[in-house]
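In my numbering, the protein residues as written are 29 to 234.
Positions of the beta carbon are idealized from the N, C-alpha and C atoms, including for glycine.
Bear in mind the structure is a predicted one, so any value in this text is a computation, not a measurement.
Okay, here's the thing in structure tokens:
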């Protein structure tokens, strides 16, 4: 109910009616799993430097439908961020402008439900650019894989301490790692977590 009310007021702020399809109802047959790499960890002052996304349909990753873009940031890359994603400023010299990438990304996701790990941060980063451009925040339903994993584990082992670190979840679900942590590989690995959880007994998403 809260989501419906929130989206009602969100839609009233939409600057361009051609994007009204974002607010249409969607089924749970197709999802988009995405990840952002950034200059730092503060959505208010840091910038996106890459977005990676994959489409999930009928429990399958649609390999022909992927989204990979690099973005030239306006703020300086933080040393701690470079240690994680290994993207340097010289790697972004031919990167695209965020205003173009955001619209391409919105076109890619449409009104599909979104999936991610640490998804609240990634959505906040997208909204940072989307709101000034279209007047809205992402209205899509969102599914955080660590929350789904927590519910799955707590039912099996009540009152336990559940480790929600990405690599721990991957190991517990026996999902192979895909090498370096970039936006596309992280989206791909997260989508595998999501699919694996959806196929566990008693795991349901709304």
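Where residue 91 sits in the DSSP three-state scheme: In the chain shown, residue 91 corresponds to position 63, counting from 1. Three-state result, residue 91: strand.
Bridge partner(s) assigned by DSSP for residue 60: One-based indexing of the chain shown puts residue 60 at position 32. DSSP output for residue 60 lists 83 and 142 as bridge partner(s).
Extent of the continuous beta strand (DSSP E) to which residue 172 belongs: Here residue 172 refers to the residue found at position 144 when the chain shown is read from its first residue. Run containing residue 172: 170-172, per the beta strand (DSSP E) assignment.
Residue 233, DSSP secondary structure in three states: Position 205 of the chain shown, counted from the first residue, corresponds to residue 233. It is coil, neither helix nor strand.
Start-to-end residues for the alpha helix (DSSP H) that takes in residue 219: As a working note, residue 219 is residue 191 in the chain shown. Start and end: 211-226.
Per-residue DSSP class, three states only, for residue 188: Translated into positions along the chain shown, residue 188 becomes position 160. Correct three-state label for residue 188: coil.
Alpha carbon of residue 81 to alpha carbon of residue 216, nearest angstrom: Here the question's residue 81 lines up with position 53 in the chain shown. Here the question's residue 216 lines up with position 188 in the chain shown. Distance between the alpha carbons of residue 81 and residue 216: 7 Å.
Buried or exposed by the 16-neighbour rule on C-beta atoms within 10 Å, applied to residue 177: One-based indexing of the chain shown puts residue 177 at position 149. The residue is buried, with at least 16 neighbouring Cβ atoms inside 10 Å.
Member of 134, 70, 43 and 207 whose CA lies at the smallest distance from the CA of residue 148: Within the chain shown, residue 148 is the residue found at index 120, counting from 1. Cα-wise, what sits closest to residue 148 is 70.
Burial state of residue 97 (16 or more Cβ within 10 Å): The residue given as residue 97 occupies position 69 in the chain shown. The residue is buried, with at least 16 neighbouring Cβ atoms inside 10 Å.
Proximity winner among 88, 106, 78 and 108, relative to residue 95 (alpha-carbon distances): Against the chain shown, residue 95 aligns to sequence position 67. Comparing Cα-Cα distances from residue 95 to each of 88, 106, 78 and 108, the minimum goes to 78.
Residues near residue 65 by beta carbon distance below 7 Å, same chain, minus five either side: For this step, residue 65 is matched to residue 37 along the chain shown. Hits under 7 Å: 77, 78, 113, 115, 210 and 211.
Pairwise C-alpha distance: residue 227 and residue 204: Locating residue 204 in the chain shown gives position 176, counting from the first residue. Locating residue 227 in the chain shown gives position 199, counting from the first residue. Cα-Cα distance, rounded: 17 Å.
Euclidean distance between Cα positions of residue 192 and residue 233: Looking up residue 192 in the chain shown gives position 164. Looking up residue 233 in the chain shown gives position 205. In a straight line, the C-alpha of residue 192 is about 18 Å away from that of residue 233.
At least three beta-carbon pairs within less than 8 Å, the region 131-146 to the region 165-174: yes
Residue 218 versus residue 61: straight-line alpha-carbon distance, rounded: Position 190 of the chain shown, counted from the start, is the residue given in the question as residue 218. Position 33 of the chain shown, counted from the start, is the residue given in the question as residue 61. Taking the straight line joining both Cα atoms gives about 7 Å.
Nearest-angstrom beta carbon gap, residue 163 and residue 41 [assumed within contact, 8 Å]: To locate residue 41, count along the chain shown from 1; it is residue 13. To locate residue 163, count along the chain shown from 1; it is residue 135. That pair is a contact at about 4 Å.
For residue 63, the nearest candidate out of 133, 103 and 198 (CA to CA): As a working mapping, residue 63 is identified with position 35 in the chain shown. Nearest option by C-alpha distance: 133.
Residue 197 versus 207, 222 and 188, residue with shortest Cα-Cα distance: By 1-based counting over the chain shown, the position of residue 197 is 169. Looking at the Cα atoms, 222 is the closest of the given residues.
Where residue 154 falls, given that 16 or more other Cβ within 10 Å makes a residue buried: Locating residue 154 in the chain shown gives position 126, counting from the first residue. Residue 154 comes out buried.
Identity of the residue in 86, 167, 206 and 207 nearest residue 31 by Cα: Numbered from 1 along the chain shown, position 3 holds the residue referred to as residue 31. Closest option to residue 31, Cα to Cα, is 167.
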